[in-house]
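Chains as they are written, first to last, in our numbering: chain Z, 1479 to 1613; chain W, 1479 to 1613; chain L, 1479 to 1613; chain C, 1479 to 1613; chain R, 1479 to 1613; chain V, 1479 to 1613. Ideal placement from N, C-alpha and C gives every residue a C-beta, glycine not left out.
There are 6 protein chains.
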Amino acid sequence: MATRKPPTNPEAEPRVKAVFDDIRATRKADFINNLWPALAFDPVLLESTWAEVKRLMVTPSQLDPVTKEMIYIAVSVANACSYCVHSHTAAARAKGMTDAQHAELLAIVALAAKTNHLVTGLQVPVDPVFDAGAA
Amino acid sequence: MATRKPPTNPEAEPRVKAVFDDIRATRKADFINNLWPALAFDPVLLESTWAEVKRLMVTPSQLDPVTKEMIYIAVSVANACSYCVHSHTAAARAKGMTDAQHAELLAIVALAAKTNHLVTGLQVPVDPVFDAGAA
Amino acid sequence: MATRKPPTNPEAEPRVKAVFDDIRATRKADFINNLWPALAFDPVLLESTWAEVKRLMVTPSQLDPVTKEMIYIAVSVANACSYCVHSHTAAARAKGMTDAQHAELLAIVALAAKTNHLVTGLQVPVDPVFDAGAA
Amino acid sequence: MATRKPPTNPEAEPRVKAVFDDIRATRKADFINNLWPALAFDPVLLESTWAEVKRLMVTPSQLDPVTKEMIYIAVSVANACSYCVHSHTAAARAKGMTDAQHAELLAIVALAAKTNHLVTGLQVPVDPVFDAGAA
Amino acid sequence: MATRKPPTNPEAEPRVKAVFDDIRATRKADFINNLWPALAFDPVLLESTWAEVKRLMVTPSQLDPVTKEMIYIAVSVANACSYCVHSHTAAARAKGMTDAQHAELLAIVALAAKTNHLVTGLQVPVDPVFDAGAA
Amino acid sequence: MATRKPPTNPEAEPRVKAVFDDIRATRKADFINNLWPALAFDPVLLESTWAEVKRLMVTPSQLDPVTKEMIYIAVSVANACSYCVHSHTAAARAKGMTDAQHAELLAIVALAAKTNHLVTGLQVPVDPVFDAGAA
C-alpha cells in the first residue's frame, strides 16, 4: 500500500530518467528500488534526495561505506522506518557488511535504546565536562 | 534535575564500589559520569548495565571502538536522549573520533531522518528482493 | 492483523450506532473506516475520540480543513503510524489537498526531521530571545 | 523557557479558576503544577484535558492508581517528554509507588526499548496466532 | 519479511536448544514465537535477551505479571513496534489481562501521548518541586 | 550545553559569512539564531541546510508561510526537538501566526498523537480503499 501512486512510466520524464540512469551507473546495477519511483512525482525532490544520498553515502569520505550504512540503519530502526531498515540492511550487505558485523550492530542499537530509556526515566543531569560549548 | 536522588556516598555499597572500580580501571581514568551514580540505587541494574556496556562497547570485536560509539550516538539522537548524545559524543572523541568524522556522522544521521520521514509519508512498499527471510 | 477483534455487528450497540450515524452524516458518506469499529469495544472511548476529532477537525475554525489534515499527517509520519498516515492523507485529499500541496507537505516534513536530528546531535542551546515565558 | 507566556493571573478567568479549584479539591492540595497555568490560554483545552486526566487517572477503575501512573511514565519516557517524566514520577510517588516499584518500572521500560529496537532491526514477522482480528 | 533469515533448524545448535527448552518450560507451552528463532543467529544475544526477559518479566517481583506486561505494551506502542505490541498484548492476555484492563491501558497510553505532545509544544518548565535530586 | 563548540568568529570564513549575510537579507533582520553558528563547522552542511530551508520555507509556494511553519512545529514536537519547537514557534509568530492559530495547532498535534497511539495499540489494519498505489 502507498499513499501516492507512482507514475506508470516514470522514465518518460527526462529529469526522472536522468536520476535513474545515474543510480544505475553509480550502483553498477539495473535494479531501481521502490523509493525512487515513489519520489518521481516531484523531480526536484527526487534530484535533491538522490544528490544528497550520493554525496554522503557513495562519494569516498572519512567513513567507510559499511560504517555509513550501519549509521543509517541505526537511525532507521530508532525511527521505526520498516522500508528504510530493509533497504539499508540490503545496501550494507551489498557493500560488504558481514553477518558478524550485522549482529554487533543490532546488539549496540538495542543497548543504546535501553540506556536511552533508562537515562530519560531517571532524567540524569548532563555532566558539565561534556559541554563542548564551554570556553 | 533528576527523578531520583543518587545516593550521597554510592561507593559505601560494596557492589556499587566494585562496578565503579571496574569502570575506572577499564577507562584508565578517575572520572565517573553521572549515569553510574544515578543507577546505584539498584545494584543488579547497575551491574548488568555496565556489564553489557563493557562487553559490547569496550571488548575488542568486529567493529572498531569509534564506529561503535557513532552507532550509539545515532540511536541516541533519534531517541532524543540529550544526556546520551552528550556522553557518547564525549566517549567517541576520547576514542579518537575526529571532527571530520563527527561532521559526517551528523550529516548522515540527518539524511537518514529525512528519508525515514519521506518514506513513511509515502508508505513505500518494501521491495520483495529485500526479504532476507524468503527461501 | 489486529490486537483486538472488532465486534461482528458493532451497530447493535445503540451508543456505537449513534456515533457511526454521526460520522456518516458529518462526512456525507456511507463509508466508515476501520478505526471506528476498532474503537467500538469501548463506547466511552469511541464517543470521546469522535467528539474530539469532530470538534477539532470538522467544525469551522481558525485553520482551514486542509491545513488541519496536513498538520495531522505531519505528526502521524513522525510517530510512524502507518494507518494514520494513510487515513489522514485520504482525508486531506477528500477535503481538497492538491498533489502539489501534498508534495510540499512531504518535503517540509522531511526537512524538519533532518534539522530536528541535526539540532539534537549538536545540542544547540535555545536562544534566550525565543523564551516566550520571559517577562 | 516556554513557547507561550502563561497568564499572569490565570484565575481571573472564571473557567480557569473552576478547573484549578477542582484540581486542588481532587488532589487535596494547594499546589498547581506548571502544566495547568500553561494550558490556561485556552479554557476549552484546559477543561477537556483536565476532565480526561481526572476521568482516567483519578476516578476508581479497573487499574489501581499506581499502575496507571506507571503506564503514564512508560509512555512519557518513550516519547522523551522530560516534564511528563518528572510530573508523573512525582504523582506515582504521591499515590504510593515505592522505590522498589520505581526501580522495576525503569528496568522494564529499558528492556522493552531494547527488544523494540531488536525486533525492528530484524523486522520479525508477526506470528499469525497473535492476530486477534482473525475469525 | 525479515532482514535476516532465521536458521532452518535453530535447535541443532545446543545453546539455542537450551534457551528454547527453557522458554517452553517457563511458559509451560510448546509454542515458540518468531522473536526467538529470529535471535538464534547469535547465541550470546539470544541467551542474554531471554535471561533478561525471564528475570524481569517472569520471576515474581514487586509488580504483578499483568502490570509488567502493560508497561511493556505502553513502551512498545510509543516506539511503534508492531511485533512487540502484538506479542506483549498476547502475553498480557495469557497472564490474565481482562478486556476492561486492556481498554483502560489503551486509553491511558493515548492520553499520555496527548499530554506529552502538548507539553513539548508548550515547552512547559519543570516545577522545581519535582527535582528529586535536590538536597 | 552543546556537543560541539561553535567557532568564535564564524564569519571570518567567507562561505559562512555569505550564508549569514543571505540569512540576514532574506529575513530582513540582523539576528542570527544559534543553529547557524552551530553548523558553521562544516560550510557544505551549512550551505546545503540553509539552501533547503530557504527554498522550502521562504520561497513563495503552494502553502502559505504560516502553514509551513505549523507543519514544521508539528514534526518538531513529535520528534521532541526542544530547540526546533522554540525556533519555529518564534518563526511562525514572526510570519503572522495568531495566538488562536497556535492554540489550534497544539490541540491538533495533541489529538493526532492520541489517535496515533490508539491505532498503534490496536494495530488497526489499513482500509484497502486508502491504497493510492492500487490500479
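- Counting only runs of 4+ residues, the alpha helix (DSSP H) found wholly inside the stretch 1512 to 1587 of chain V occupies 1513 to 1517, 1521 to 1531, 1543 to 1556, 1560 to 1572, in chain order.
- A distance below 8 angstroms separates the beta carbons of residue 1557(W) and residue 1591(Z).
- Contacts with chain W at 8 angstroms (Cβ-Cβ) do not include residue 1508(C).
- Contact with chain L is found for residue 1599(W), since one of that chain's Cβ atoms lies less than 8 angstroms from the residue's Cβ.
- With at least 16 other beta carbons inside 10 angstroms of its own, residue 1585(R) counts as buried.
- Close to residue 1610(V), with beta-carbon spacing below 9 angstroms, are these residues of chain Z in chain order: 1479, 1480, 1481, 1482, 1483.
- Under the 10 Å beta carbon count, residue 1493(V) is surrounded by fewer than 16 other beta carbons and is classified as exposed.
- Contact note: residue 1558(R) reaches chain L through 1557, 1558, 1559, using a C-beta cutoff of 8 angstroms and chain order.
- Interface annotation, residue 1566(V): not in contact with chain R, CB-CB separation never under 8 angstroms.
- Around the C-beta of residue 1606(V), fewer than 16 other C-beta atoms lie within 10 Å, and the residue is accordingly described as exposed.
- In the DSSP assignment, residue 1504(C) falls within the unbroken alpha helix (DSSP H) covering 1492 to 1505.
- Contact of residue 1501(V) with chain L is not assigned, every C-beta pair being separated by 8 angstroms or more.
- The beta carbon of residue 1569(C) lies closer than 7 angstroms to those of 1547 in the same chain, with the five residues before and after it left out.
- Under the 8 angstroms criterion on CB atoms, residue 1532(L) is classed as non-interfacial with respect to chain V.
- Note on geometry: alpha-carbon atoms of residue 1542(L) and residue 1574(W) lie some 52 angstroms from one another.
- Comparing alpha-carbon positions, the option among 1610(V), 1565(V), 1531(V), 1549(V) lying closest to residue 1565(L) turns out to be 1610(V).
- Residue 1480(C) carries a coil assignment under DSSP once its states are collapsed to helix, strand and coil.
- When secondary structure is reduced to three states using DSSP, residue 1608(L) falls in the helix class.
- Using beta-carbon distances, residue 1520(R) does not count as an interface residue toward chain C, since no partner is under 8 angstroms.
- Interface with chain W (8 angstroms Cβ-Cβ cutoff): residue 1523(V) is included.
- Between residue 1583(L) and residue 1549(V) a beta carbon distance of about 6 angstroms is seen, short of the 8 angstroms cut, so the two are scored as contacting.
- Its Cα nearest to that of residue 1519(R), the residue 1490(R) stands out among 1601(R), 1490(R), 1576(R).
- In this structure, the beta-carbon distance from residue 1482(W) to residue 1600(Z) falls below 8 angstroms.
- Distances from the CA of residue 1602(C) to each of 1561(R), 1531(R), 1539(R), 1530(R) were compared; the closest alpha carbon is that of 1561(R).
- Interface criterion not met: the Cβ of residue 1563(C) is under 8 angstroms from no Cβ in chain L.
- Each residue's CA atom was taken as its position, placing residue 1507(C) and residue 1580(R) some 31 angstroms apart.
- Residue 1598(C) is classed as buried because its beta carbon has at least 16 other beta carbons within 10 Å across all chains shown.
- Near chain L, meaning a CB-to-CB distance below 7 angstroms, the residues of the stretch 1534 to 1558 of chain V are 1534, 1539, 1540, 1541, 1545, 1546, 1548, 1549, 1550, 1552, 1553, 1554, 1556, 1557.
- Under the 10 Å beta carbon count, residue 1594(L) is surrounded by 16 or more other beta carbons and is classified as buried.
- Non-local beta-carbon contacts of residue 1539(Z) in its own chain, meaning distances under 7 angstroms to residues more than five positions away in sequence, are absent.
- Pairing residue 1517(V) with residue 1504(V) gives a Cβ-Cβ distance that is not under 8 angstroms.
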